[in-house]
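S.K.:
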Amino acid sequence: MARNRGFLRPQFALLTVRLALLATALAAVGCAAGGSEVATSGPYGTGGGGAGGGGGAGGDGAGGGGGSGKLELCVLNDGGPADPCVSPEVLDFETVPAGRQRTRLFRVDNQTAQEAVFTAAAVASADFDVVAVRFEPDPANPLLTIRAVETLPVLRAPGGALHFEVTYTSQGVAGPLPADRVIVEAEVGSAGAPDIVVPLIGRSNSCTPGMGACDDDPDNGCETDLLTSAAHCGACAQLCVSPNGTTGCVDGLCTVSSCADHFADCDGNATNGCESNLLTGVDTCGACGTTCRKEHTESFCNGGNCNIVGCAPDHADCDLDALTGCETDLLTSAAHCGGCNVACDFANASETCAEGSCEFGACDAGYADCDGDLTNGCEANLEASLAHCGACDAACGFPGAAESCLAGVCVMGACEPGRANCDGAAANGCEADTTRDLAHCGGCNLGCAFANAAESCVDGACVLGACGAGYADCDRDPANGCEVDTETSLANCGGCGARCALPNAAESCEGGVCVLGACEAGRADCDRDPTNGCEVDTARDLAHCGGCGAACDAANAGEACLGGTCVMGACGPGFANCNASALDGCEVNTLGDVANCGGCNLACALPNAAEACLGGTCVLSACDAGFGDCDRAPANGCEVDTRTSLANCGACGAACELANASEACALGSCDLVACNAGFASCNGVDSDGCETSTATDPAHCGACGTDCAALIPNAAVGCGAGACTFEGCLPGYYDADGVASNGCEYACTFVSDVDLPDDGFVDANCDGVDGDVDLAVFVDVTTGNDGNDGTRQRPVATVGGGINRAVLRGKTHVYISQGTYTTNRVSLASGISLYGGYNAALRWARSAASVAVVRSTGSVVGGYVTALEGHNIMAPTTIDRLTIQTPNTAATGASNYAMRCVSCTAVTLKNSVLQAGSAGPGAAGTNGGTGAAGSNGSSGGAGSCDGPGTRTGGAGGLSSCGRTGGAGGTGGAVGANAGAAGGAGTGGTPGGAGGPGGSSGGHGGVGEIGAAGAPGGNGSGGTGGTVTGGLWTGIAGGSGVIGVHGNGAGGGGGGGGQGAAWVTDGAGNGGGGGGGGGCGGGGGLGGSAGGGSFGLFLVNSTGFQLLTSQVTSGNGGNGGAGGSGGNGGNGGNGGAGGRTCTSEVGAGGDGGRGGAGGRGGYGGGGAGGVSYGVYRFNTTVSTSGNVIAHGTGGAGGTSSGNNGVAGASASVF
């Protein structure tokens, strides 16, 4: 059994070898002394009634009661199977040396009348082991017995017995043995029998501090230094294993001395070695403490660099730094509100982002939103704005002056040229115009003043203006102003140089006018012009006939002045004296007088018009406002009211006829009343009516301003019945989503009808994706469902579902949107390519930033883990821009393949990342079983002082592996006869010599001890692995060889008989039988190999292409430890020679002790699993141009014999 020994004792482990007795009730048969009996059956434990039988010697027997049969315990301890029972019935192990084993024996006798079935034995403590055994004669030597292990349940007939061996293995801890007991259960018939309970007692010694009993060899004690042993550091089986590094044991503590490349001991815990992979560890990416775990995203480490995959809803990687993850909350970030770089930036104001929308806060101090437009924030600087100084609309205005706004207060600046602030008040600015202001001409308070004259200020200089009434500047000197009083000056009367000298009259200057004095007789000043004096001869002047103004003016008639008296003649043509008065002559012009047109009292009167008389005829001169002479007939005047006439609205001939509308003439203006159905006045001008057909005009379809070109962008559009129609895409644009209502949303330059997904992400055929929509099935983990048809609008949800849908629909491409696709594994289909890099949320745009991850769940199927595999892929198949990952596996011996491909001769893998997790460890080999112990030899028969005695030699001890002890020699016969020599044990061990006969018989010799068996050979350590069935299989460690059986011991010689004339002859004692040899221990089984880790595993796949990809393998699994060899069985003790009357006859010699069986060989450790970035078996594939990394090979399994070889590791195999 395996042992766990060291400084600390484990809690009792329940080792239960349940031995249930199936018992049925039986009737015991009672038998009267000397008589016969008839049995009756009854319940177990109740004797049947015995009938009186015919008497034997001594007469007829009386009727007697029957006794009850039972299962009887017999404790033998260190005795042989045939030795007498000991009392008390306790298995006493006495004091067991540290690190040693000791075995005790007991048996259970079936003393019932029916068969008993023993099926279980139980002992709670793991330090004890209990097995059922049987002892039977050795066919080669019937005097010896062979021990054989029984497998419960075991049946024993009435009178039969079953032996049980209990072995205690010391753990090297001082103190009493565990308080425990062995429980044996049985059934007889169909009723359960009471348990057989055997207590266990004894003590155990302890190991020296710092030492432990850690191996399975009970003969070498506390063999292990727990302070330095890497396999038992501080305690047994506490192995210092440093995955990816080198360890040691110092003062009972594991230490790490160095780490492999790209690995580190980041947790400082030596027990797990260099646990951190700096190339792939999410929490140790590139260095200890550098974690890729970030909120709101999934992260992974590739080549020592952090990468992120996708962002949680409402989060984004706006700083494009994987180390910060998806650091931005698009619902609250003012710098990235609703999307990266969508900043909430209201000028001069605070702002917030709420639920992904920018919200305006408060204006900064000194700023205000004066225009009510939030898009330009708080645009007004109240500290400096002239229009909003200190408050909205508080404009700074200083007439004639510059102004500024300082700290929210209007400040007047310098006056403009020609302006001055002469009153000192800022409110009215520079109020004085020094270029024109008479009070401030050329400067403040510089007034202009000239005598008797008006003055003006021109360009800042005083200029003499008009002279005052009655004054003039006759000397042309501005300095003295207007120096002449033209009201009185005869030399300048009324003006400079205007002298008063009136003909035919006396004169004076009064009020600036030459005043005529008295005229000469017959003369008069009729023109009131003093310059010509009394210029009129009133006796003859027709205009002043008899006096000034007394004109002889018979209007429009001939006249004469005779002696100051007027005489009238005939009227002139076109005139008439209609009032019959000579005073006004022919006063009427009949050619132009509308009241007397063509003759006296012939008046002109035309409706709604002004009229005139031309040449004595009435004519229309002008129409009244709001009327017109539209028929050109003067007789009816202005017959049309142009204020209301639809035919002459505002003017003759100006018909009010608006296109596609009903109209009215109001105040001479043609007004639009309503548009006809399907028409509208979209330009707002009444004069052209309802110029727009809203039923057909794409710019105003259905209503003014409804522009079909804006609603259906980048498309040729039409308008039918007031609804926009899609007529086709404009050159350079395409309707990628097939939805006409949003127009041709996709700008694209057509290159070719053939479009395979390419590294430039070019949509060559302008179908909306990089690739060919007609060839593809679309996959999106977020919106997809495997029940969908796989179109862009209805994608499937899984990569496997996409492949299946492609097979069913006859497609050859599967386009995969960004995200993580967790699956057991994906199987390729020949001719169906997988392309990643798409983003379904962005209309299936493709870029390097959109990462699709195919991640295995880590399920072990067929003994291995993989995320992507293919078989017999013979048609061209591409895997492009996928990240393929498997997790670490702890499954025993499981290999780990990120991608595995067998017979894949037409596959191209490019622009992808393969990341394999670590492989599983190998299983430890089981320990070999303990060899069966040899049986003790039987005691020799008794001699006799005076007579024949028994004299027989004891039988040799049996051995289940045929190594029986030699029989004891027979004692010498009565008389001086020598005893027989003891028999040789199997294997040739001599017996003891017989004692000589004589007057006092000699003692028989002791049988020789049987030779111990040699240990079995150790199994080889596993190394490397092979490819079988398309899978890598590591080599397990070899199994240990069974130990050599110990030889049976020689029997003791018989004692000599006594014979002489003076004595009564006696017979010698028989020799004891030699002990049976112990059987060899079973060999330990080899540990199985650890699994291998492979980024890309190719078998029979020449033609496979690997391009611009990153491939990483994890660590190989550690090999399993080899099992320990089982201990050889102990040899049986020799039987004691007879000791009767040894003062007269010879004692029989004791039998020798049987040889112990050899220890079984140790199983070899399993090979460590390999780690290869790319593994090629029967395959030629170029790996140049790719980044390939690998983990470390697994450690070889440990063994006390031959360790397994560590797994190899390299980028490429």
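Those letters in the sequence shown? Residues -27 to -1, 1 to 1186, by mature numbering (1 follows the signal peptide of the UniProt record, and there is no 0).
The C-beta atom is built at its ideal place from N, Cα and C for all residues, glycine as well.
1. What does the alpha-carbon distance come out to for the pair Cys206 and Cys222?
2. Going by DSSP, which residues form a beta bridge with Leu1079?
3. With DSSP collapsed to three states, give me the class of Val780.
4. Leu1071 lies in the beta strand (DSSP E); which residues open and close that run?
5. Where does Ser820 sit, in a helix, a strand or coil, going by DSSP?
6. Any idea which residues DSSP pairs Thr793 with across the strands?
7. If you measure between the beta carbons of Leu199 and Gly185, is that distance less than 7 Å?
8. Note the first and the last residue of the continuous alpha helix (DSSP H) segment covering Leu684.
9. Where does the unbroken beta strand (DSSP E) through Gln74 begin, and where does it stop?
10. Could you have a look at Val833 and say whether DSSP puts it in helix, strand or coil?
11. Could you check whether Gly1095 and Gly1138 sit closer than 7 Å to each other, using their CB atoms as the reference points?
12. Taking the beta carbon of Pro216 as the centre, do at least 16 other beta carbons fall within 10 Å, making it buried, or is it exposed?
13. What is the rounded straight-line gap between the Cα of Glu630 and the Cα of Gly363?
14. Which of the three DSSP states is assigned to Pro216 in this structure?
15. From the DSSP output, in three-state form, read off Leu296 for me.
16. Going by other Cβ atoms of all chains shown within 10 Å of its Cβ, with 16 needed for buried, is Met847 buried or exposed?
17. Helix, strand or coil: which one does DSSP assign to Pro580?
18. Which of the three DSSP states is assigned to Ser635 in this structure?
19. Leaving out the 5 sequence neighbours to the left and right, which residues in its chain are closer than 7 Å to Gly804 when beta-carbon positions are compared?
20. Should the region 1144 to 1161 be regarded as contacting the region 1085 to 1094, the criterion being three or more beta carbon pairs within less than 8 Å?
21. Note down, in chain order, each residue of its chain lying with its Cβ closer than 6 Å to the Cβ of Asp33, except the 5 sequence neighbours on either side.
22. Tell me the DSSP secondary structure of Ala134 in three-state form.
23. What separation, rounded to the nearest whole angstrom, lies between the Cα atoms of Arg605 and Asn562?
24. Is Glu664 buried or exposed, if buried means 16 or more other CB atoms sit within 10 Å of its CB?
25. Could you give the C-beta distance for Gly1127 and Pro988, rounded to a whole number, given that I count them as a contact under 8 Å?
26. Just the Cα atoms here: how many angstroms apart are Gly443 and Val486?
27. Measuring alpha carbon to alpha carbon, tell me which residue in Cys417, Asp410, Cys239, Gly1101 is nearest Val436.
28. Using the Cα positions of Gly760 and Ala709, report the straight-line distance between them to the nearest angstrom.
29. Using alpha carbons as the reference points, say which of Ala555, Ala553, Gly810, Ala583 lies closest to Val567.
30. Between the Cα of Leu801 and the Cα atoms of Asp731, Cys877, Thr859, Asp732, which residue gives the shortest distance?
31. With Phe1186 as the anchor, note down where its beta strand (DSSP E) starts and where it stops.
32. Short of 6 Å in beta carbon distance, which residues of its chain neighbour Cys559, apart from the five on each side in sequence? Order them along the chain.
33. Are three or more beta carbon pairs between the region 910 to 928 and the region 878 to 889 nearer than 8 Å?
34. Give, in chain order, every unbroken run of the beta strand (DSSP E) that is at least 3 residues long and sits entirely within the region 972 to 1034.
35. Using a threshold of 7 Å, state whether the C-beta atoms of Asn1175 and Asn991 are closer than that.
36. Under three-state DSSP, which class holds Thr348?
M.R.: Taking the coordinates as given:
1. Approximately 6 Å, taken between the alpha carbons.
2. Per DSSP, Leu882.
3. Three-state DSSP puts Val780 in a helix.
4. Membership of Leu1071 in the beta strand (DSSP E) is indicated by the continuous run 1066 to 1072.
5. Coil.
6. Thr793 pairs with Val826.
7. It is a contact, given that the beta carbons lie within the stated cut-off.
8. 681 to 684 is the span of the alpha helix (DSSP H), which, as asked, contains Leu684.
9. Note, Gln74: beta strand (DSSP E), 74 to 83.
10. In the structure shown, Val833 sits in coil (DSSP, three-state: anything other than H, G, I, E or B).
11. Yes, the pair counts as a contact, with Cβ atoms nearer than the cut-off.
12. Counting Cβ neighbours within 10 Å, Pro216 comes out buried, since at least 16 surround it.
13. CA-CA distance, Glu630 to Gly363, rounds to 56 Å.
14. Reduced to three states, the DSSP call for Pro216 is coil.
15. DSSP places Leu296 in helix when its eight states are reduced to three.
16. It is exposed - the Cβ of Met847 has fewer than 16 other Cβ atoms within 10 Å.
17. Three-state result, Pro580: coil.
18. Ser635 falls in the strand class under three-state DSSP.
19. Around Gly804: Thr785, Ala848, Pro849, Thr850.
20. With a cut-off of 8 Å, the region 1085 to 1094 and the region 1144 to 1161 count as touching, because enough Cβ pairs lie within range.
21. Interpretation of Asp33 is limited by its pLDDT of 36, a score under 50 that renders its predicted location unreliable; the figure taken from the coordinates is listed afterwards. Excluding sequence neighbours, Asp33 sits near nothing in its chain.
22. Of the three classes helix, strand and coil, the one that applies to Ala134 here is strand, per DSSP.
23. Cα to Cα, Arg605 sits roughly 27 Å from Asn562.
24. Looking at its Cβ environment, which holds 16 or more other Cβ atoms inside 10 Å, Glu664 is buried.
25. Actually they are not in contact, since the Cβ atoms of Gly1127 and Pro988 sit about 18 Å apart, beyond 8 Å.
26. A straight line joining the alpha-carbon of Gly443 with that of Val486 spans about 10 Å.
27. Per the Cα distances, Asp410.
28. Each residue's alpha carbon lies about 24 Å from the other.
29. Of the residues Ala555, Ala553, Gly810, Ala583, the one whose Cα lies closest to the Cα of Val567 is Ala583.
30. Of the listed residues, the one whose Cα sits closest to Leu801 is Cys877.
31. Per DSSP, Phe1186 belongs to no beta strand (DSSP E) and is neither H nor E.
32. Ala528, Asn529, Ala530, Cys544, Phe548, Ala549, Asn550.
33. Contact between the region 910 to 928 and the region 878 to 889 is absent, with fewer than three C-beta pairs closer than 8 Å.
34. DSSP runs (the beta strand (DSSP E)) wholly in the region 972 to 1034: 998 to 1001, 1004 to 1007.
35. Contact: yes.
36. DSSP places Thr348 in helix when its eight states are reduced to three.
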